[in-house]
Amino acid sequence: ATQNLYDLLDKVSQYYVHQLQTHPQRAIFENYLQQRGLSAKTIELFNIGMAPDGWDNVLKTFGTTELARKQLNEAGLLSSNDKGRTYDRFRNRVMFPIRDRRGRVIGFGGRVLDDSTPKYLNSPETPVFHKGHELYGLFQARKANRKLDRIIIVEGYMDVIVLTEHGITNAVATLGTATTPDHLRLIQRSTPEVVFCFDGDRAGRDAAWRAAENALPLLGGNHQLKFMFLPDGEDPDSVVRQQGAENFNSLVEQAQNYSDFFFATLESRVDIASMDGRARLVEIAKPYLRHIPAGIYRDMLEQQLADRAQTNTELLHKHLERPPQNKSKALQKALTASTAISPVRMAITIVLQHPELHSAVDKFDKISSLDRPGIKILAELLETLRQNPHLNTAALLERARDSEHAEHLQRLVLQPLSLSADELKHELVGIIQQLQQQALAERQTYLTAKPFSKLTDAEKEEIRNKTI
């Protein structure tokens, strides 16, 4: 079935390319690509195309049967409105096919040329496309370089494409999500060095720190991670077009090592000149260091932390070491850290960081009736995973990106969890069972307090069958 989706997506990609070459309204799209400085060779390399204006161009061309329409929908190429009308997802956009590392088209990104929103639109999660697992441009980078000594991670499609136009063929981009551990594992199979390229403003530095946190479990070994920050108001596209590839490469060479960025960020939060500030630095760094695999790199980071905190390395190491703990002590530590974590918050954190554990939860149908902070978020997450069991952490965050809880969920994803996978599963199941029981008890209290004459037939039946 997935092979059919790959074949369909490839045909649609060719259709978009053909439209850019032949459509009567192609001039505005061609002008845009020329203004961005793209040659015909680069446009062909990335198979850039256009989705013409109109509600059903792809639907009419490829959806001639019910099965074909079903496949179009499964491939993320159709959308539906509240009235049940189905139409093309991508309309009046420059189209960028997204390829996996084997070169298969797995989805699309589309950019509008007017003031419509959203400016960029990606394919949704599908059986073949998972944003948290894929990187735009990785296939082309591997094809252009027999040996990739370094990969630069930038923020957008056009950054990758314009850099390639100027001879910098080792750039890739995430697909509207933060860099995930899965992204890094994918890249580390191809290169020994990764350079994150971000804007120099606050948002760029925050994004860089999220990438640094996500990289913790992968540090050490033969791989290097670095961070480069562009001048305010600049992006890779503007730098390379205005200052040239040599200037951009010079900035890459000046990229900050992971350890320097790590400690500079943490030290910015404390008064390093005072003893209290240095003690605080150790406390802040502790949970991060524990997420780094044991080895020489972690030992050297501990040595550097000791130097910066002006303390004895042996004393610091003893402080950082986790003593053997039984499950109950480990659980107590995970739940109490610096501030107590409520069971609901703990459950949300587990589900976000380990979505696969949702399958261990049997029933959660009653919990949404509880009046608890976060209970609606937890119920929605579990229901989303029940309907879409393949979703990973990045996909869950992407779905919540525009919600009022987005920032809160981002923080919970980074919350250290000091338990094994089995312990986390046991903890999640226990919390949900406890919440279910609380909901049942509250329902029982409500029904028994209600005058019998005012009970509905359904409520009376509920009491009789003890199904509450």
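Okay, so the sequence shown: first residue is 20 according to the numbering used here, each after it adds one. All C-beta atoms in this analysis are idealised placements derived from N, C-alpha and C, irrespective of residue type, glycine included. Since the model is a prediction, treat every value here as computed from it, not as a measurement.
| Query | Result |
| --- | --- |
| Where does I303 sit, in a helix, a strand or coil, going by DSSP? | helix |
| Does the pairing of the stretch 435 to 452 with the stretch 375 to 383 give three or more beta-carbon distances under 8 Å? | yes |
| Which residues does DSSP list as the beta-bridge partners of P247? | Note on residue identity: the sequence assigns Met, not Pro, to residue 247. C216. |
| Have a look at S32 and D101 and give me their C-alpha separation to the nearest angstrom. | 28 Å |
| Helix or strand or just coil, what does DSSP make of R130? | strand |
| Quick one: Cα of A59 to Cα of L194, how far? | 24 Å |
| Am I right that F148 and I125 are in contact with their C-beta atoms under 8 Å? What's the rounded C-beta distance? | 4 Å |
| Looking at V77: is its Cβ nearer than 9 Å to the Cβ of D107? | yes |
| Would you decide whether N276 is buried or exposed? Buried here means 16 or more other CB atoms lie within 10 Å of its CB. | exposed |
| Taking only runs of the beta strand (DSSP E) that begin and end inside the stretch 141 to 189, which ones reach a length of at least 3 residues, in chain order? | 170 to 173 |
| May I ask which residues mark the beginning and end of the alpha helix (DSSP H) holding R118? | Looking at the DSSP string, R118 is not in any alpha helix (DSSP H); the run it does join, the beta strand (DSSP E), is 112 to 118. |
| In angstroms with no decimal places, state the Cα-to-Cα distance between S269 and P200. | 27 Å |
| Take F280 and list the residues in its own chain whose beta-carbon comes closer than 6 Å to its own, dropping the five residues that flank it on each side. | F246 |
| Who pairs with M365 in a beta bridge, going by DSSP? | Partner(s): none; M365 has no beta bridge. |
| Just curious, the alpha helix (DSSP H) that G449 is in, first and last residue? | 440 to 468 |
| Indicate whether L339 and L308 have their beta-carbon atoms separated by less than 9 Å. | yes |
| On the three-pair Cβ rule with 8 Å, is the stretch 420 to 435 touching the stretch 288 to 303? | no |
| When DSSP labels each residue in this structure, what does A231 get in the three-state scheme? | helix |
| Relative to the C-alpha of I170, which candidate in R55, L154, T330 has its C-alpha closest? | L154 |
| Between F48 and A163, what straight-line distance do the alpha-carbon atoms span, to the nearest angstrom? | 26 Å |
| Note down the Cα distance separating R288 from M294, rounded to an integer number of angstroms. | 14 Å |
| Which partner residues of V370 appear in the DSSP bridge assignment? | Paired residue(s): none; V370 is not in a bridge. |
| With a Cβ-Cβ cutoff of 9 Å, do V131 and I67 count as a contact? | no |
| Going along the chain, which residues of its own chain have a beta-carbon closer than 6 Å to the beta-carbon of H152, five neighbours each way excluded? | D201 |
| By the three-class DSSP mapping on this structure, what secondary structure does L410 have? | coil |
| Looking only at its chain, what residues have a beta carbon closer than 7 Å to the beta carbon of I62, apart from the 5 residues adjacent to it on each side? | L52 |
| Go through its chain and collect everything with a Cβ distance to Y316's Cβ below 8 Å, but skip five positions before and after it. | L238, G239, G240 |
| Go ahead and label E423 buried or exposed: buried means 16 or more other beta carbons lie within 10 angstroms of its beta carbon, across all protein chains shown. | exposed |
| So the candidates are M177, R204, E184; which of them puts its Cα closest to the Cα of A192? | M177 |
| Buried or exposed: A274, going by 16 or more other Cβ atoms within 10 Å of its Cβ? | buried |
| What does a CB cutoff of less than 6 Å around Q322 pick up in its chain, not counting 5 residues either side in sequence? | T332 |
| Return the residue from the list L203, R405, D29, D134 that minimises the CA-CA distance to E94. | Residue 94 is actually Ala in this sequence, not Glu. Selected option, being the one with the closest Cα: D29. |
| Looking at A413: is its Cβ nearer than 9 Å to the Cβ of A87? | no |
| Inspect the beta-carbon positions of L96 and S142 and report whether they are closer than 9 Å. | yes |
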